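K.L.:
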């Protein structure tokens, strides 16, 4: 296929992916909006008013960046894993496998679908947060870059999960048992400076801590960790995840008999 | 004549050790309407899967219009359209989206995709259903949708894996007409089917595959010539006598108005009618007892 034909194929997948999550907005866009609004009300307003300030910010200001990033991560990941596994489950992944599209076209088509949903949900949550607090973004470049890199990384991770998933339980295991706990323990609701030394060190092994803090740095201008380390880590994980996705597509693992 | 498909020494052993293909060789000429027949589990779908790159071959060579699936897979794929045995489209998408998106996967512009989609959906009587989610279609409509989807990028080689399974007779015949027309316009077609009548009426060449090996590969006329014996069912206008005999022919009285006559190769039906007429028996209608190809199919597989 020519580059122009590959582009048409890529746009076709992206359009299909975006239309899919917009068509089922009650399952894809509404739940995170409701859940995050509840977080804002309960943790930010009701409990947060009793907590006082954290790192010089109101508790609501402190939790908003982490909650936005949590929504982006979960939705980017979930979109790719559920869409690609659904295609495998109903066998219409064969429409793609028999076509002359390159593996890169297929992969980035699905990844961009995940990024689109992650960013749209992130935007919705951000707009909702404005009902509860003001957001004065300190470093717009850092904010946009980290949110883009993170959504790409988790979309790639979702693709890997979808390739290996055998049933719908396998699709929900990682978001429920890995992503959510790691994000909760990754400094969304607290600063690791509040933790005893041992638990602070343990927290530094959690990659979510770096992602959440990088985003918080972009929004509030403060971070518990080195931002350079956060970008390097997300970059390395993204490259590794991409390389592994390409290996899976090339080898046909779990896709071709 | 150039080859649409060349298969040499194709082997496939699945992970569980099952040897689905044991080194088959197969050629299909450009423009042919080719039947690939065989019992369940013979290796037909595995062969098709390998051609379309849904199944990884263990060894051997496959070329589509001269393009190797090892060295030039993307270009080989562009020439192939496949209609699989099982429904494999999103049940939530509309008929229109399924066909247009498939065109997009082959790099067709949106406007060309729309033009082709309309043409094929109209030809396959699905135009009125274009806005309907695919899960709402009947079985026959779903089969036709898969044909439209396979044709939208106008492949030179169309592979149909049991396209008329579960389709009523009327629709099956209209699909035959459609496929014959597509073939006349130059598309090479490979068909697997369990309806041997379908293969006999549509296909010019045929391969029979059994237990992963090619049992027969010839043209339809030559294959049918191998028939040594045909059985005809004759209906008489009046009640048949209890003791019925036709000297030189194996005859069986089925009931009061029906008899079966076995005719060896070279035998004359005129002679049978003359003998019956001498006994005052008038025949009102006649038909083959079994499909001729079916008889051959069974006998070929029995020999193995």
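Chains as they are written, first to last, in full-length UniProt numbering: chain P, 1 to 257; chain S, 1 to 304.
Ideal placement from N, C-alpha and C gives every residue a C-beta, glycine not left out.
All values derive from a computational prediction rather than experimental measurement.
Give the list of continuous alpha helix (DSSP H) stretches no shorter than 4 residues that lie fully inside the segment 49–122 of chain P.
P.N.:
Counting whole runs of 4 or more residues, the segment 49–122 of chain P contains the alpha helix (DSSP H) stretches 59–89, 93–97.
K.L.:
For the candidate residues P/216, P/246, P/37, whose alpha-carbon lies nearest to that of residue 131 of chain P?
P.N.:
Cα-wise, what sits closest to residue 131 of chain P is P/37.
K.L.:
Determine the extent of the alpha helix (DSSP H) in which residue 79 of chain S is found, giving its start and end residues.
P.N.:
That residue, residue 79 of chain S, is in no alpha helix (DSSP H); it is neither H nor E in DSSP.
K.L.:
Residues in the segment 70–92 of chain S with C-beta within 9 Å of chain C's C-beta atoms, listed in sequence order?
P.N.:
In the structure shown, chain C does not exist; the protein chains are P and S.
K.L.:
By the three-class DSSP mapping on this structure, what secondary structure does residue 197 of chain P have?
P.N.:
Residue 197 of chain P falls in the helix class under three-state DSSP.
K.L.:
According to DSSP, residue 253 of chain S sits in a beta bridge with which residue or residues?
P.N.:
S/259.
K.L.:
Name, going along the chain, the residues of the segment 99–111 of chain S whose beta-carbon falls closer than 9 Å to a beta-carbon of chain P.
P.N.:
Those would be 100, 101, 102, 103, 104, 105, 106, 107, 108, 109, 110, in chain order.
K.L.:
Does the beta carbon of residue 55 of chain S come closer than 8 Å to any beta carbon on chain P?
P.N.:
It does: the Cβ of residue 55 of chain S has a partner Cβ on chain P nearer than 8 Å.
K.L.:
Please state whether DSSP places residue 118 of chain S in a helix, a strand or coil.
P.N.:
In this structure, residue 118 of chain S counts as helix in the three-state DSSP scheme.
K.L.:
Along the chain, where does the alpha helix (DSSP H) that runs through residue 36 of chain P open and close?
P.N.:
Per DSSP, residue 36 of chain P belongs to the alpha helix (DSSP H) from 30–39.
K.L.:
Going by C-alpha distance, which of P/117, P/155, P/47, P/57 is nearest residue 111 of chain P?
P.N.:
Of P/117, P/155, P/47, P/57, the residue nearest in Cα terms is P/155.
K.L.:
Between residue 66 of chain S and chain P, is the shortest Cβ-Cβ distance under 8 Å, so that the two count as touching?
P.N.:
It does not: the Cβ of residue 66 of chain S has no partner Cβ on chain P nearer than 8 Å.
K.L.:
According to DSSP, is residue 134 of chain S helix, strand or coil?
P.N.:
It is helical.
K.L.:
Show which residues of chain P have a CB atom less than 7 Å away from the CB atom of residue 41 of chain S.
P.N.:
Residues of chain P passing the Cβ test: none, with the nearest at roughly 14 Å.
K.L.:
Between residue 17 of chain P and chain S, is there a C-beta pair that is closer than 8 Å?
P.N.:
By this cut-off, residue 17 of chain P is not an interface position.
K.L.:
So what's residue 3 of chain P in DSSP terms, helix, strand or just coil?
P.N.:
Of the three classes helix, strand and coil, the one that applies to residue 3 of chain P here is helix, per DSSP.
K.L.:
Could you check whether the segment 197–215 of chain S touches the segment 25–45 of chain S, counting it as contact only if at least three pairs of C-beta atoms, one from each stretch, sit closer than 8 Å?
P.N.:
The answer is yes - the segment 25–45 of chain S touches the segment 197–215 of chain S, with three or more Cβ pairs under 8 Å.
K.L.:
Would you list the one or two residues that DSSP bridges to residue 207 of chain S?
P.N.:
The partner list for residue 207 of chain S (beta bridge, DSSP) reads S/36, S/217.
K.L.:
In angstroms, rounded to a whole number, what distance separates the CA positions of residue 305 of chain S and residue 100 of chain P?
P.N.:
Coverage of chain S is limited to positions 1 through 304, which leaves residue 305 of chain S absent and any answer about it impossible.
K.L.:
So, does the CB of residue 14 of chain S fall closer than 8 Å to a CB anywhere in chain P?
P.N.:
It does: the Cβ of residue 14 of chain S has a partner Cβ on chain P nearer than 8 Å.
K.L.:
Distance, Cα to Cα, residue 66 of chain S vs residue 2 of chain S?
P.N.:
Their Cα atoms are separated by approximately 9 Å.
K.L.:
I need the straight-line Cα distance from residue 84 of chain S to residue 179 of chain S, nearest angstrom please.
P.N.:
Using only the alpha carbons, I get a separation of about 15 Å.
K.L.:
So what does residue 231 of chain S bridge to, in DSSP terms?
P.N.:
DSSP output for residue 231 of chain S lists S/262 as bridge partner(s).
K.L.:
Tell me the DSSP secondary structure of residue 6 of chain S in three-state form.
P.N.:
Residue state, collapsed to three classes: strand.
K.L.:
Within the 8 Å Cβ cut-off, does residue 257 of chain P reach chain S?
P.N.:
Yes, residue 257 of chain P lies at the interface with chain S (some Cβ there is under 8 Å from its Cβ).
K.L.:
Could you name the residues of chain S that residue 98 of chain P contacts, counting a contact when the two beta carbons are closer than 8 Å?
P.N.:
The contacting residues are 52, 53, 54, 77, 80, 82.
K.L.:
Sorted by chain position, which residues of the same chain lie with C-beta nearer than 6 Å to residue 89 of chain S's C-beta, five sequence neighbours on each side aside?
P.N.:
So the list reads 98, 134, once near-sequence residues are dropped.
K.L.:
What does a CB cutoff of less than 7 Å around residue 253 of chain S pick up in its chain, not counting 5 residues either side in sequence?
P.N.:
Once the five neighbours on either side are set aside, the close Cβ partners of residue 253 of chain S are 240, 244, 259.
K.L.:
Taking the alpha-carbon positions, what's the residue 116 of chain S to residue 133 of chain P distance?
P.N.:
If I take the Cα positions, the gap works out to 53 Å.
K.L.:
Whose C-beta lies closer than 6 Å to the C-beta of residue 163 of chain P among residues of the same chain, with five residues either side of it excluded?
P.N.:
Around residue 163 of chain P: 248, 254.
K.L.:
Closer than 9 Å, Cβ to any Cβ of chain S: which residues of the segment 107–139 of chain P, in chain order?
P.N.:
Those would be none; no residue qualifies.
K.L.:
Against chain S, with Cβ distances strictly below 8 Å, would residue 252 of chain P count as a contact?
P.N.:
It does; some Cβ of chain S falls within 8 Å.
K.L.:
Cβ atoms of residue 5 of chain S and residue 51 of chain S: under 8 Å apart, would you say?
P.N.:
Result yes, Cβ atoms of residue 51 of chain S and residue 5 of chain S sit closer than 8 Å.
K.L.:
Using a beta-carbon distance below 8 Å, is residue 17 of chain S in contact with chain P?
P.N.:
No, residue 17 of chain S lies away from the interface with chain P (no Cβ there is under 8 Å from its Cβ).
K.L.:
Residues of chain S with a CB under 7 Å from the CB of residue 1 of chain P: which are they?
P.N.:
Neighbours of residue 1 of chain P on chain S, chain order: 74, 107.
K.L.:
Quick one: is residue 49 of chain S near chain P, going by C-beta distance under 8 Å?
P.N.:
Chain P contact via Cβ: present.
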